Ligand code: KG4
Ligand code: ZN
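In the numbering used here, the protein residues as written are 444 to 784.
Structural data, given as C-alpha cells:
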C-alpha cells in the first residue's frame, strides 16, 4: 500500500484537488476552472476568485476523494500551496487543509506553487532523478512566473534567472487582448496561430549574458504592429481574420524561441543532466514542439493538463517534502510573494 497524499491548490483561478500515490501515480485530479467567470473582465479579479474558491473547494475535494475511491480517513497526508499567489485565494486552500489536518490528525505539508509545477514532471510514471540524475534545469513558465531554476536535489533549488517584467503567460494574456481575443490569452493565441503562413515577425528580447527574460517589449511591439494594421482598438468580429492569425503566430514564435533557446543554452553551460518543464505556458504546442526538436538531453514535460494549475502536482510535491521531513504545523500561513531558490 502506497502513501496517498491529497493535494490542494487555490493560488490563482483554479480550485483544484487531487490524490496521488507515492508521489507519482495520479488517483484523481479535479480542476474547477474559473475561466468563464473572469473572462468577462478580461483577466482575474482577486475578490471574485477567492469567493469562488470558497464555493468550490469542498465539492472539489469531495470529488477528488470519490474519484480516488477513498474516504478522508484513508489519506496519509494533506499538502497545500501557501504561495506564491493571490493572498485571498491562497487563504481558502490553506484554511481548508489545516481544518482537514486538525480533524484527521494526518500530517500537513506546505508547498511552494513553483515547486509543485516542477513535480508535475514526476507524475505519469516519469522519474527525472533516476532517468537523468541531478542537477536538473527547471523552466517554470506560468501566468505569474518565468523562472529558470537549477534543481540540485529533491527540495534543493538555486534561482538562475527570471523575468524582469511580465511573465510569459501574462504576456500571452495581455497580447491576446490587443486584437480582442478572449481570456486566457495563451490558449486563444495558440488556437489563432494554427494555419498562419509565418509572414509576420516580432522581436525577441535575448538579454544576452544573463539567464533573465523580458516579455513586455514584445507585447508593445505587437501593439504597435496591431495599430499599424488597424487592428487596435479591437474591432468586433475581427478575431479570426488572417492578419490576427499571422500576428498571433509571430507572438507565439517569439516567446517559444526565446524560452527554448535560453533554457537550452543554460543547460549546456551548467552541464545539467536533464531539463524539467512546467507551468501553464508549457501546455503550448509550439513551445513543446520546439523543445522536442532542439533538446539534445533528456527532457521531462508533463502532459498539457498537468502543466496548468492542478492539485495532483501539489500532492506529488507534498509527498517528496514529507519524505524530506518537511511537515508544517497548524500555524501555516500564506506567503503571497514566496520564492524558490
Ligand atoms: O500555471 P498556470 O495554470 O497558472 C499560474 O500559475 O499562473 O498558468 C496560466 C498561464 C496563463 O497566462 C495562460 O494564458 C497560460 O498559462 N497558458 C498558455 C497555454 N495554456 C495556458 N500559454 C500559451 N499556450 C497555451 N496553450
Ligand atoms: Zn501555476
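Yeah, the Cβ is synthetic: ideal placement off N, Cα and C, and Gly gets one too. In this text the structure is predicted, and so the values were computed from the model without any measurement.
Query raised in the report: Does the pairing of the stretch 603-612 with the stretch 649-658 give three or more beta-carbon distances under 8 Å?
Result: yes
Query raised in the report: Under three-state DSSP, which class holds residue 684?
Result: Here residue 684 is taken as the residue at index 241 of the chain shown, counted from 1. Residue 684 falls in the coil class under three-state DSSP.
**Report entry** Distance cut 5 Å, beta-carbon to the ligand ZN heavy atom: residue list by chain order
**Finding:** 585, 752
Requested in this report: Compute every distance between the C-beta of residue 630 and the non-hydrogen atoms of the ligand KG4, then say whether any falls below 7 Å.
Outcome: As a first step, residue 630 must be located in the chain shown, where it is residue number 187. Flag set: Cβ of residue 630 near the ligand KG4.
Report task. Pull up the CB-CB distance for residue 630 and residue 482, whole angstroms please, since I reckon it's below 8 Å. Result -> Within the chain shown, residue 630 is the residue found at index 187, counting from 1. Within the chain shown, residue 482 is the residue found at index 39, counting from 1. Not a contact, Cβ separation roughly 11 Å.
Query raised in the report: Is any heavy atom of the ligand KG4 found at a distance shorter than 7 Å from the C-beta of residue 571?
Result: Position 128 of the chain shown, counted from the first residue, corresponds to residue 571. No, the ligand KG4 has no heavy atom inside 7 Å of this Cβ.
Report task. Please specify which runs of the alpha helix (DSSP H), each continuous and at least 4 residues long, are wholly inside the stretch 567-635, giving them in chain order. Result -> 571-574, 611-620
Report task. List in chain order: all unbroken alpha helix (DSSP H) runs of 4+ residues lying wholly within the stretch 480-524. Result -> 489-510
Query raised in the report: Among 509, 457, 466, which one has its Cα closest to the Cα of residue 495?
Result: The residue you call residue 495 lines up with position 52 of the chain shown. When each option's Cα is compared against that of residue 495, the closest is 457.
Query raised in the report: Between residue 613 and the ligand KG4, is the CB less than 7 Å from at least one heavy atom?
Result: Translated into the one-based positions of the chain shown, residue 613 becomes position 170. Yes.
Query raised in the report: Hey, would you say residue 551 sits closer than 8 Å to residue 542, going by beta carbons?
Result: Against the chain shown, residue 551 aligns to sequence position 108. Against the chain shown, residue 542 aligns to sequence position 99. No, these two residues do not count as a Cβ contact at 8 Å.
**Report entry** Limits of the unbroken alpha helix (DSSP H) element including residue 662
**Finding:** Taking the first residue of the chain shown as 1, we reach residue 662 at position 219. Element bounds for residue 662: 659-671.
Requested in this report: Tell me, please, which residues DSSP counts as bridged to residue 751.
Outcome: Numbered from its first residue, the chain shown carries residue 751 at position 308. The partner list for residue 751 (beta bridge, DSSP) is empty, contrary to what the question assumes.
Query - the ligand KG4 heavy atom lying under 7 Å from the CB of residue 622 - result: Taking the first residue of the chain shown as 1, we reach residue 622 at position 179. Every heavy atom of the ligand KG4 is 7 Å or more from the Cβ of residue 622, so no.
Query raised in the report: Going by beta carbon distance, what residues of the same chain come within less than 7 Å of residue 584, once the five residues before and after it are set aside?
Result: Position 141 of the chain shown, counted from the first residue, corresponds to residue 584. Answer for residue 584: 611, 612, 702, 722, 724, 725, listed in chain order.
Requested in this report: Using alpha carbons as the reference points, say which of 539, 774, 465 lies closest to residue 501.
Outcome: On the chain shown, residue 501 is found 58 positions in, with the first residue counted as 1. Here the closest residue by C-alpha is 539.
Query raised in the report: Out of curiosity, what's the CA-to-CA distance linking residue 508 and residue 666?
Result: Indexing the chain shown from 1 puts residue 508 at position 65. Indexing the chain shown from 1 puts residue 666 at position 223. If I take the Cα positions, the gap works out to 46 Å.
Query raised in the report: If you follow the alpha helix (DSSP H) that residue 458 is part of, which residue opens it and which one closes it?
Result: Here the question's residue 458 lines up with position 15 in the chain shown. It is not in any alpha helix (DSSP H) - residue 458 instead sits in the beta strand (DSSP E) that spans 457-464.
Query raised in the report: Taking the beta strand (DSSP E) that residue 447 falls in, what are its first and last residues?
Result: In the chain shown, residue 447 corresponds to position 4, counting from 1. Note, residue 447: beta strand (DSSP E), 447-452.
Requested in this report: Classify residue 639 as helix, strand or coil using the three-state DSSP reduction.
Outcome: Position 196 of the chain shown, counting from 1, holds the residue named residue 639. The three-state secondary structure of residue 639, taken from DSSP, is coil.
Report task. Classify residue 742 as helix, strand or coil using the three-state DSSP reduction. Result -> Stepping through the chain shown from its first residue, residue 742 is reached at position 299. Strand.
Query raised in the report: What's the gap between the Cα of residue 559 and the Cα of residue 757?
Result: The count along the chain shown starts at 1 and reaches residue 559 at position 116. The count along the chain shown starts at 1 and reaches residue 757 at position 314. Their Cα atoms are separated by approximately 5 Å.
Query - Top-ranked residue by Cα proximity to residue 738, from 755, 753, 709 - result: Translated into positions along the chain shown, residue 738 becomes position 295. Comparing Cα positions, the closest option is 709.
Query - Start and end residues, beta strand (DSSP E) containing residue 476 - result: Locating residue 476 in the chain shown gives position 33, where the first residue counts as 1. 468-476 is the extent of the beta strand (DSSP E) around residue 476.
Query raised in the report: Is residue 777 helix, strand or coil when you go by DSSP?
Result: Translated into positions along the chain shown, residue 777 becomes position 334. DSSP places residue 777 in coil when its eight states are reduced to three.
Report task. Please name the residue in 675, 497, 661 whose C-alpha comes closest to that of residue 700. Result -> Against the chain shown, residue 700 aligns to sequence position 257. That would be 661, whose Cα lies nearest to the Cα of residue 700.
Report task. For residue 727, write down the residues that DSSP places opposite it in a beta bridge. Result -> Here residue 727 corresponds to residue number 284 of the chain shown, with the count starting at 1. In the DSSP assignment, no residue is bridged to residue 727.
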